[in-house]
Amino acid sequence: PSRRVDCSRLDLPLGIVGLALSVGLSIFAIVRCKNNWQVLVIAVWKMSMSILNSVTTVHATVVVINGEDNAHPM
Numbered sequence: 010p011s012r013r014v015d016c017s018r019l020d021l022p023l024g025i026v027g028l029a030l031s032v033g034l035s036i037f038a039i040v041r042c043k044n045n046w047q048v049l050v051i052a053v054w055k056m057s058m059s060i061l062n063s064v065t066t067v068h069a070t071v072v073v074i075n076g077e078d079n080a081h082p083m
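Quick note: the sequence shown uses this note's numbering, first residue 10, plus one each step.
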């Protein structure tokens, strides 16, 4: 980002809730659409992208909360 993140305390719970909801909905779609392989592949792809996004959010928030100086290159 072009500037430092100031309000990151809310990002951690939002990242965790986003991870839980997206994984839950993806598992629901996988179970419901297990006979249609195209939709199953899309659901697995969506779940993997959601996990990556949520883990990145949680990691960045933890780095900012811990106040690591080299977390921001500027």
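Where a beta carbon is used, it is the ideal one built from N, C-alpha and C, also for glycine.
Alpha-carbon spacing of residue i relative to residue j, whole angstroms
| i | j | result |
| --- | --- | --- |
| Ile26 | Gly33 | First, the residue type needs correcting, since residue 26 is Val and not Ile in the sequence shown. Their backbone Cα atoms lie some 10 angstroms apart in a straight line. |
| Val48 | Gly76 | 42 angstroms |
| Leu28 | Ser63 | 5 angstroms |
| Val71 | Asn45 | 39 angstroms |
For residue i, the first and last residue of its enclosing alpha helix (DSSP H)
| i | result |
| --- | --- |
| Arg41 | 20-41 |
As assigned by DSSP and simplified to three states, the class of residue i
| i | result |
| --- | --- |
| Asn44 | coil |
Cut-off 6 angstroms between Cβ atoms - residues of its own chain near residue i, not counting five sequence neighbours on either side
| i | result |
| --- | --- |
| Val67 | Gly24 |
Cβ-Cβ separation, residue j to residue i (assumed contact under 8 angstroms), whole Å
| i | j | result |
| --- | --- | --- |
| Ser59 | Ser31 | 4 angstroms |
| Val53 | Ile39 | 7 angstroms |
Cβ neighbours of residue i in the same chain (closer than 7 angstroms, five flanking residues each side left out)
| i | result |
| --- | --- |
| Ile51 | none |
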